[in-house]
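Notes follow once the structure below has been shown.
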Amino acid sequence: MSTTPTRINLKPYRLLYWPFLLPVALLIALFNKISPVPFKIYALRVNRIGQMAGNQEELCCQLDLGLLPREFRVFIHRDRPCNTVLLDMQKRILPIRNAFLPLFDVCHKLGGLGVSSMEIERYLGQDWEQWVPRTPRHLSFSEAETTEAKRQCRELGIDPDAPFVPVLSRDISYLAHIKEPTDNDSYRNDDINTYIPAMEFLADNWKVVRMGSVVGTELNTVHPGIIDYSRSGKRSELLDVYLSAQCAFFLSCATGLDAIASCCFRRPVLYVNFLPVSNAPILKPGSILIPKKFWHRKERRYLKLSELIRSGAWDMLLPRHLDPLDIEIHTNSADEIHAVTEEMYARLQGTWTETEEDRENQKRFWSQYAKFSPNYKCVGLIGRDFLRENPNWME
Numbered sequence: 004m005s006t007t008p009t010r011i012n013l014k015p016y017r018l019l020y021w022p023f024l025l026p027v028a029l030l031i032a033l034f035n036k037i038s039p040v041p042f043k044i045y046a047l048r049v050n051r052i053g054q055m056a057g058n059q060e061e062l063c064c065q066l067d068l069g070l071l072p073r074e075f076r077v078f079i080h081r082d083r084p085c086n087t088v089l090l091d092m093q094k095r096i097l098p099i100r101n102a103f104l105p106l107f108d109v110c111h112k113l114g115g116l117g118v119s120s121m122e123i124e125r126y127l128g129q130d131w132e133q134w135v136p137r138t139p140r141h142l143s144f145s146e147a148e149t150t151e152a153k154r155q156c157r158e159l160g161i162d163p164d165a166p167f168v169p170v171l172s173r174d175i176s177y178l179a180h181i182k183e184p185t186d187n188d189s190y191r192n193d194d195i196n197t198y199i200p201a202m203e204f205l206a207d208n209w210k211v212v213r214m215g216s217v218v219g220t221e222l223n224t225v226h227p228g229i230i231d232y233s234r235s236g237k238r239s240e241l242l243d244v245y246l247s248a249q250c251a252f253f254l255s256c257a258t259g260l261d262a263i264a265s266c267c268f269r270r271p272v273l274y275v276n277f278l279p280v281s282n283a284p285i286l287k288p289g290s291i292l293i294p295k296k297f298w299h300r301k302e303r304r305y306l307k308l309s310e311l312i313r314s315g316a317w318d319m320l321l322p323r324h325l326d327p328l329d330i331e332i333h334t335n336s337a338d339e340i341h342a343v344t345e346e347m348y349a350r351l352q353g354t355w356t357e358t359e360e361d362r363e364n365q366k367r368f369w370s371q372y373a374k375f376s377p378n379y380k381c382v383g384l385i386g387r388d389f390l391r392e393n394p395n396w397m398e
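Take 4 as the starting number for the sequence shown in my numbering and just add one per residue.
Structure (structure tokens):
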């Protein structure tokens, strides 16, 4: 995965192609006004891995479900892709043709002309309508990709035919490295070393793989079953996708690569330090989450879920929005992450047990969302022990 995605620079070439493509753009615009099946060029987002995976998979799901109008469509991308392997896989199922980028540029500069569209690029890849569970997956590895990915796994010390778990903790280093503003997303960062008890628990039976393209924190563990792939010097774009696609489950804080697991390949994901809380209904079947917690400084207590909803804090992303409300965000403890990891492992092993009270706790949590919007389709789970220990999330 490239760590320096940049916009494709068309400025030096505009004097060459504008005189030829302007008449073409105007003719297509006229055609679209009279044709029942218009010609459209859609921009895709490819510079951030989460949106690149989620947006395009949602698009494929909508096409499968017949939710899009009849059109002649081609797709372009305005940025260099953050993962060329993922883009190649998407090209096998979508007509992504960057030869149309100059024509898109002409139409876009003229307001779109009813030809170019930014609609898909602006998706958030969150699948509020739960299109993904209603359709089969669309991406697949070629035989050559599979062979090479398995070779790289073995070189890293991973048996590709045995269960393994990728772990991704959001590190401030990545956005700083690609020179994007970090203040808007700093609330989502956490500390990989709070994951270590959970990782060591999993590593007693499965391989555990620390993911991340640019990380600044070293792992404080010597467990032989844990591989720091992010700092191994053996990272590859292919392996980033393969490990996400073939895992037993993905342990993450809802960032980037886990969209390949959950959206593209329908793998279960365990989300810890989940934010914003308002996004909880986007969980896919088989996934579990525990959210970060909202501490009221003045009242010296954690806020109830109903209070977060009423105040709007459940949808707030930035400290500068929460500070006026006297609210600060606390990350999950190592014990909380360990407990919910044991739950996910037991569920996958078929050894999980729960009480009627636990099932009622799930209903109480999701009922708060139903009060806000009865249209939410909640199919994921909240960690059992988290709800037991934090009853404020059910009030």
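For every residue, glycine included, the Cβ atom is placed at its ideal position computed from N, Cα and C.
Keep in mind that this is a model prediction, so the values were computed, not measured.
Identified DSSP bridge partners for residue i
i	result
D82	R10
Y45	F78, S120
R3	Residue numbering for the chain in the displayed model covers 4 to 398; residue 3 lies beyond these limits and cannot be assessed.
I291	L273, L384
I37	None, per the DSSP bridge assignment.
I229	V211
I99	F78
Neighbourhood of residue i by C-beta distance below 7 Å, restricted to the same chain and skipping five residues each side
i	result
L116	A28, A32, C110
L286	L292, V382, G383
L159	I230, Y232, S235, K237
N101	I79, H80
E357	R387
N12	none
F204	H341, T344, E345
E148	L241
S239	Q155
T9	D82, R83
D67	T138
K153	P163
Delimiting residues of the alpha helix (DSSP H) encompassing residue i
i	result
N58	52-67
S247	240-249
L90	87-94
I263	Unbroken run through I263: none, as it is neither H nor E.
N364	359-375
E345	337-352
D194	No alpha helix (DSSP H) holds D194; DSSP gives it neither H nor E.
P322	322-325
Q155	146-159
V109	104-112
Spatially closest choice to residue i from the options, by CA coordinates
i	options	result
Y16	R73, D108, G53	D108
P39	S370, A201, P72	P72
Q249	V343, A264, L241	A264
N426	G259, D326, W298, Q93	Any property of residue 426 remains undetermined from this structure, which presents the chain solely from 4 to 398.
C267	V135, F252, D164, A201	V135
F144	L90, L47, H299	L90
P166	F34, K14, L321, V211	V211
A349	A251, V118, K301	A251
W21	N35, P105, E61, E60	P105
Q93	L47, S120, F297, P271	L47
L24	R157, L222, V118	V118
N364	E392, G114, K153	E392
E360	P394, I123, P163	P394
S120	L321, V77, D326	V77
R424	V244, V225, V168, T197	Nothing in the structure corresponds to residue 424, since the chain is present only between 4 and 398.
L325	H299, R303, A337	H299
D130	I99, V225, A56	A56
D329	L19, G69, S336, R304	R304
Boundaries of the beta strand (DSSP E) in which residue i is found, first to last residue
i	result
I332	330-333
H299	296-299
P169	167-171
K210	210-213
F253	253-255
Contacting residues, own chain, Cβ-Cβ under 6 Å from residue i (five flanking each side not counted)
i	result
K295	N276, L278, I332, T334
L308	Q371, W396
V382	P288
P41	N35, E74
L321	none
S5	Summary for S5: the model assigns pLDDT 45, below 50, so the residue's position carries little reliability; its value from the coordinates is reported in the next sentence. Once the five neighbours on either side are set aside, the close Cβ partners of S5 are C85.
I161	F167, K210
Y45	F78, S120, I123
Any chain E beta carbon closer than 9 Å to residue i
i	result
D174	Checking the listed chains, one finds no chain E in this structure; it contains a single protein chain.
Anticipated Cβ contact below 8 Å, residue i with residue j, distance rounded
i	j	result
A342	G386	7 Å
I312	F368	About 12 Å separates the two Cβ atoms, so there is no contact after all.
K380	Q133	5 Å
L246	M347	Wrong, their Cβ atoms sit about 17 Å apart, outside the cutoff.
Neighbourhood of residue i by C-beta, 8 Å cutoff - its chain only, sequence neighbours within 5 removed
i	result
N174	First, the residue type needs correcting, since residue 174 is Asp and not Asn in the sequence shown. Within the same chain, D174 has close Cβ partners N192, I195, G215, V217, V218, G219, T220.
C63	I96, L97, T138, H141
G53	G128, T258, G259, L260, D261, A262
G69	none
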